[in-house]
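Participant:
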Amino acid sequence: MNKIRNDFPRNVKDFFIKLQNYLDTDLYFYGSVNRNDYIHNQSDIDIAIFTDNEDAIISKLQHFLHVKKNDFKKLVWKLHGEIIYGYKIKCDEFINLKCEIAIYNNEFKDVIL
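If you use my numbering, the sequence shown corresponds to residues 381 to 493, in order.
1) Among Tyr467, His443 and His460, which has the Cα closest to the Cα of Phe474?
2) Buried or exposed: which applies to Gly466, given that a residue is buried once 16 or more other Cβ atoms fall within 10 Å of its Cβ?
3) Of all the CB atoms in chain D, is at least one closer than 8 Å to the CB of Lys453?
4) For the region 402-470, which segments carrying the beta strand (DSSP E) assignment without a break, of at least 3 residues, lie completely within its bounds, in sequence order?
5) Using only the alpha-carbon positions, how far apart do Ile464 and Trp457 sit?
6) Taking 8 Å as the cut-off, does the region 445-456 touch the region 414-429 (at least 3 CB pairs, one atom from each stretch)?
7) Check for me: the beta strand (DSSP E) holding Ile492 runs from which residue to which?
8) Ser423: which of Leu493, Leu459 and Phe388 sits nearest, CA to CA?
Below, the structure written as C-alpha coordinates:
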(Lines of atoms letter the chains of each structure in order from A and count residues from 1; the text may use other names and numbers.)
(Lines give C-alpha, C1' and ligand atoms only; values in the text may rest on other atoms or scores of the structure.)
Protein backbone atom coordinates (compact mmCIF):
# COMPACT_ATOMS: atom_id res chain seq x y z
CA MET A 1 0.00 0.00 0.00
CA ASN A 2 2.89 2.41 0.55
CA LYS A 3 5.12 1.11 -2.24
CA ILE A 4 5.63 3.07 -5.45
CA ARG A 5 4.67 0.79 -8.35
CA ASN A 6 7.57 -0.51 -10.40
CA ASP A 7 5.48 -0.33 -13.56
CA PHE A 8 4.79 3.41 -13.26
CA PRO A 9 6.27 5.39 -16.14
CA ARG A 10 9.72 6.70 -15.20
CA ASN A 11 8.57 10.33 -14.82
CA VAL A 12 5.70 9.32 -12.51
CA LYS A 13 7.93 7.08 -10.42
CA ASP A 14 10.52 9.88 -10.15
CA PHE A 15 7.84 12.37 -9.08
CA PHE A 16 6.65 10.15 -6.22
CA ILE A 17 10.18 9.30 -5.10
CA LYS A 18 11.06 13.03 -4.99
CA LEU A 19 7.80 13.83 -3.19
CA GLN A 20 8.32 11.11 -0.59
CA ASN A 21 11.91 12.20 0.01
CA TYR A 22 10.97 15.89 0.19
CA LEU A 23 8.16 15.28 2.69
CA ASP A 24 10.25 12.72 4.59
CA THR A 25 7.21 10.54 5.14
CA ASP A 26 5.53 7.49 3.63
CA LEU A 27 3.02 7.83 0.81
CA TYR A 28 0.08 5.42 1.06
CA PHE A 29 -1.40 4.55 -2.33
CA TYR A 30 -5.05 3.49 -2.40
CA GLY A 31 -7.88 2.97 -4.85
CA SER A 32 -7.52 1.59 -8.36
CA VAL A 33 -3.72 1.98 -8.28
CA ASN A 34 -3.69 -1.04 -5.92
CA ARG A 35 -6.11 -3.07 -8.02
CA ASN A 36 -6.15 -4.64 -11.45
CA ASP A 37 -8.42 -1.92 -12.86
CA TYR A 38 -5.68 0.76 -12.78
CA ILE A 39 -4.81 2.06 -16.27
CA HIS A 40 -1.67 4.16 -16.80
CA ASN A 41 -2.39 7.72 -17.98
CA GLN A 42 -6.14 7.24 -17.48
CA SER A 43 -6.77 6.33 -13.84
CA ASP A 44 -5.96 8.83 -11.16
CA ILE A 45 -3.49 7.96 -8.41
CA ASP A 46 -4.84 8.37 -4.89
CA ILE A 47 -2.39 9.00 -2.04
CA ALA A 48 -2.85 9.39 1.70
CA ILE A 49 -0.28 11.03 3.95
CA PHE A 50 -0.45 10.67 7.73
CA THR A 51 1.24 13.19 10.01
CA ASP A 52 1.25 14.75 13.47
CA ASN A 53 1.42 18.19 11.83
CA GLU A 54 -0.94 18.71 8.90
CA ASP A 55 0.05 22.37 8.53
CA ALA A 56 3.73 21.48 8.06
CA ILE A 57 2.90 18.89 5.37
CA ILE A 58 0.57 21.35 3.61
CA SER A 59 3.32 24.00 3.66
CA LYS A 60 5.82 21.55 2.18
CA LEU A 61 3.30 20.45 -0.46
CA GLN A 62 2.61 24.11 -1.32
CA HIS A 63 6.29 24.57 -2.07
CA PHE A 64 6.71 21.25 -3.89
CA LEU A 65 3.60 21.66 -6.08
CA HIS A 66 3.83 25.48 -6.37
CA VAL A 67 0.27 25.98 -5.09
CA LYS A 68 -1.54 28.21 -2.60
CA LYS A 69 -2.88 27.11 0.77
CA ASN A 70 -6.46 27.73 -0.34
CA ASP A 71 -5.97 25.13 -3.12
CA PHE A 72 -6.26 22.50 -0.38
CA LYS A 73 -9.85 21.53 0.42
CA LYS A 74 -10.89 20.56 3.93
CA LEU A 75 -12.68 17.23 4.12
CA VAL A 76 -14.84 15.62 6.76
CA TRP A 77 -16.28 12.12 6.50
CA LYS A 78 -17.56 9.32 8.70
CA LEU A 79 -15.86 5.92 8.77
CA HIS A 80 -16.85 3.10 11.12
CA GLY A 81 -18.71 5.61 13.30
CA GLU A 82 -15.70 7.93 13.62
CA ILE A 83 -15.55 11.42 12.15
CA ILE A 84 -12.40 11.83 10.02
CA TYR A 85 -10.91 15.26 9.27
CA GLY A 86 -8.28 16.03 6.69
CA TYR A 87 -7.27 17.99 3.60
CA LYS A 88 -7.17 17.11 -0.07
CA ILE A 89 -5.63 18.49 -3.23
CA LYS A 90 -6.05 17.37 -6.83
CA CYS A 91 -2.63 17.57 -8.44
CA ASP A 92 -3.78 17.47 -12.07
CA GLU A 93 -4.95 21.08 -11.73
CA PHE A 94 -1.32 22.14 -11.14
CA ILE A 95 0.95 19.49 -12.66
CA ASN A 96 0.65 17.07 -15.56
CA LEU A 97 -0.27 14.07 -13.39
CA LYS A 98 -3.67 12.72 -12.45
CA CYS A 99 -3.32 12.30 -8.71
CA GLU A 100 -5.11 13.31 -5.55
CA ILE A 101 -3.32 13.71 -2.22
CA ALA A 102 -5.15 13.47 1.10
CA ILE A 103 -3.50 14.60 4.35
CA TYR A 104 -4.70 13.18 7.68
CA ASN A 105 -3.57 13.36 11.26
CA ASN A 106 -1.85 10.20 12.51
CA GLU A 107 -4.73 9.68 14.96
CA PHE A 108 -6.87 8.50 12.01
CA LYS A 109 -4.27 6.17 10.46
CA ASP A 110 -5.48 2.89 11.97
CA VAL A 111 -9.12 3.66 11.17
CA ILE A 112 -8.41 4.64 7.56
CA LEU A 113 -5.93 1.88 6.77
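By construction, the Cβ of each residue, glycine as well, lies at the ideal position given by its N, Cα and C atoms. Computed from a predicted structure; not experimentally measured.
Facilitator: Considering the structure as presented:
1) His443
2) buried
3) Absent from the structure is chain D; it holds one protein chain and no more.
4) 408-410, 425-431, 453-459 and 462-470
5) 5 Å
6) no
7) Looking at the DSSP string, Ile492 is not in any beta strand (DSSP E); the run it does join, the alpha helix (DSSP H), is Lys489 to Ile492.
8) Phe388
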